[in-house]
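Take a look at the structure set out below.
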Amino acid sequence: MPRRSCTSGDLSGNKIASIFRRYTLVCPRCGREYEPTPFRFCCEHCGELLDAVLDLSRVSIDLEHIRRNRNVGVWAFRDVLPQVSHVVSLREGNTPLLKLENVVDGKVYVKYEGLNPTGSFKDRGMTVGVSIAKSIGARYIIVASTGNTAASAAAYSSRGGLSCLVVVPHGGIAKGKLAQAVLYGAKVVEVEGNFDRALSLVLDTLRKVGKDNLVYLLNSVNVWRLEGQKTTAYEIFLDIGVPDYVIVPVGNAGNIYAIWKGFMELRELGLIDKMPRMIGVQAEGAAPIAYAWQKGLSEPLFTDNPRTVASAIRIGRPVNWYRAWRAVVRSGGMFLTVSDEEIIEAQKLLGKEGIAVEPASATTLAAYVKLRESGVLERDDVVVLIATGHGLKDPDIILTLNAERYRVSEPEDLLKLLA
Ligand code: F0G
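Residue numbers (this note's numbering): 16 to 434.
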């Protein structure tokens, strides 16, 4: 495994400590423990990304209070989040869980994360990450992105009065996402190469910034961002309890871990007594984790040339792969791949439910269909699909679909269409 250059970015002061009270950072490989800081993400000994372990014995959850405050969204779960002094919010979270009625015969729910303020699940994490940045006096937010992280970081930075720099693959992100980053006022840097190249450029740059605390990284290596994303699990639990399966698109591989962690916490809190199996989906041309899984390997088959129509998950070297791997292994789940054709087909199917998702999110329904056909999933299984991003992010893809589009000028022509 490549060693990461780890800095602790130690900040002294009770203010910082109080944000992360009740948390310990623990290395999942070697077990070493660290004091939490806003900047410490990986183990100084073995380089692995650290887990943020919350001392749940010191947390009391008032479910009735949370239910009454669901419309607050992510911050309704503030008891299990970092205790920031400034909340930067756009009312993210509290997204609908919709049961599919037309296109499948099973018990399938869509967690419609596209209805977050910037149209993706990233907002759950960004509200926490930018709130931390604001609380510690950071000035700049920086991210590498396939698009959604850029849009979300840009929006929350503006909302919080911070500057934002996003680094994206030139020509590799959907138009809607680029437009959002521009609208929200970020500096947009387009690099030659893919997301992995953009991320390594950002990480190399941060090493040069050193321990200057003014620039705050909000990619999913930042474990505090994932704390916000875990609230997806809390919301699913409040809506339907524990599903049998949760299917999640996997790109840089942070979100599937975050959702699993949320369910693990619910179990530790004594609120649930079983776990859902986590299923991670990758697109065939960008599936370093799923191929390794299928071959029975213990490390990903990284690729330098990821290709898929689902640009959000066009990632060849997912930095969080070990997090995702543990979520899937420990929950008794699996990884699988779907083809671009299956993705587009599933995107159309969701359209028939009135649900607009981008291709990366459609991987979940494509996976469900595939797993039903192969008999891995059964009709009675309760399955939640995490629909991570809104369809309008990437209209170009949708406009390539076979469409019922006509040009008419006379009522008679319209009448024919109504027949
Ligand atoms: N779905 C969508 C719509 C995404 O934008 C992403 C990731 C994922 C799924 C995968 O989530 O990385 O946690 O496994 N988008 C990142 C970005 C990489 O830059 O917007 P993951």
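Idealized CB from N, CA, C, for every residue including glycine.
Per DSSP, the bridge partner or partners of residue i
{"i": "T39", "result": "V68"}
{"i": "P264", "result": "V296"}
{"i": "F350", "result": "G295"}
{"i": "L232", "result": "I157"}
{"i": "C57", "result": "L64"}
{"i": "A206", "result": "The residue asked about is misnamed: residue 206 is Val in this sequence, not Ala. DSSP, once it has assigned bridges, lists P184 as partnering V206."}
{"i": "V123", "result": "V398"}
Distance cut-off 6 Å: residue i Cβ against heavy atoms of the ligand F0G
{"i": "I262", "result": "no"}
{"i": "V324", "result": "no"}
{"i": "S160", "result": "yes"}
{"i": "S135", "result": "yes"}
{"i": "N270", "result": "yes"}
{"i": "V265", "result": "yes"}
{"i": "G404", "result": "yes"}
{"i": "A301", "result": "no"}
{"i": "N84", "result": "no"}
{"i": "I328", "result": "yes"}
{"i": "S172", "result": "no"}
{"i": "A194", "result": "no"}
{"i": "S215", "result": "no"}
{"i": "A248", "result": "no"}
{"i": "N209", "result": "no"}
{"i": "T379", "result": "no"}
{"i": "S346", "result": "no"}
{"i": "N131", "result": "no"}
{"i": "T318", "result": "no"}
{"i": "N237", "result": "no"}
{"i": "A32", "result": "no"}
{"i": "A342", "result": "no"}
Where residue i falls: helix, strand or coil (DSSP)
{"i": "V143", "result": "helix"}
{"i": "A166", "result": "helix"}
{"i": "S425", "result": "Checking the displayed sequence, the identity of residue 425 turns out to be Glu instead of Ser. Three-state result, E425: coil."}
{"i": "M16", "result": "For M16, the predicted structure reports a pLDDT of 40, less than 50, and the residue's modelled location is therefore unreliable. The matter cannot be settled from this model."}
{"i": "S178", "result": "strand"}
{"i": "S33", "result": "helix"}
{"i": "S173", "result": "helix"}
{"i": "G46", "result": "coil"}
{"i": "V372", "result": "strand"}
{"i": "D25", "result": "Note on D25: pLDDT 46, under 50, position unreliable in the model; no value is reported."}
{"i": "G331", "result": "coil"}
{"i": "G404", "result": "strand"}
{"i": "K367", "result": "coil"}
{"i": "Y199", "result": "coil"}
{"i": "F189", "result": "The question names Phe, but residue 189 is Ala in the sequence shown. Reduced to three states, the DSSP call for A189 is coil."}
{"i": "I304", "result": "helix"}
{"i": "L312", "result": "coil"}
{"i": "F278", "result": "helix"}
{"i": "F317", "result": "coil"}
{"i": "K245", "result": "coil"}
{"i": "K223", "result": "helix"}
{"i": "D211", "result": "helix"}
{"i": "K289", "result": "coil"}
{"i": "I151", "result": "coil"}
{"i": "R420", "result": "coil"}
{"i": "L386", "result": "helix"}
{"i": "T379", "result": "helix"}
Contacts around residue i, its chain only, beta-carbon distance under 6 Å, and the 5 residues preceding and following it disregarded
{"i": "R345", "result": "none"}
{"i": "Q292", "result": "At residue 292 the sequence reads Arg, which differs from the Gln that was named. Cβ neighbours of R292 beyond the five flanking positions: Y260, S346, G347, G348."}
{"i": "P111", "result": "Y127"}
{"i": "A170", "result": "T133, Y199"}
{"i": "K122", "result": "V397"}
{"i": "K245", "result": "A273, K276, G277"}
Own chain, CB closer than 8 Å to residue i, minus 5 neighbours either side, in chain order
{"i": "V296", "result": "I262, V263, P264, V265, A305, F350, L351, T352, V353, T378, T379, A381, A382"}
{"i": "S424", "result": "none"}
{"i": "L284", "result": "L71, V74, I76"}
{"i": "N335", "result": "L64, S235, V236, N267, A268, G269, Y272"}
{"i": "V324", "result": "A298, D355, I358, I359, P374, I412"}
{"i": "G186", "result": "E205"}
Beta-carbon contacts of residue i that lie in its chain and below 7 Å, excluding the five residues immediately before and after
{"i": "E242", "result": "A67, L96, P97, V143"}
{"i": "E107", "result": "G88, V89, N131, P132, D138, R139, T142"}
{"i": "V102", "result": "W90, S146"}
{"i": "Y421", "result": "L432"}
{"i": "A248", "result": "I274, G277, F278, L281"}
{"i": "R47", "result": "C58, H60"}
{"i": "K367", "result": "N117, V118"}
{"i": "K192", "result": "G162, N163, A165, A166, K408"}
{"i": "R174", "result": "V103, L105"}
{"i": "A371", "result": "G129, H405, G406, L407"}
Residue-chain proximity (residue i, chain D), Cβ-Cβ < 7 Å
{"i": "L312", "result": "In the structure shown, chain D cannot be found, because there is only a single protein chain."}
Identify every run of the alpha helix (DSSP H) within the stretch 73-137, keeping only runs that are complete inside it and at least 4 residues long; order them along the chain.
78-83
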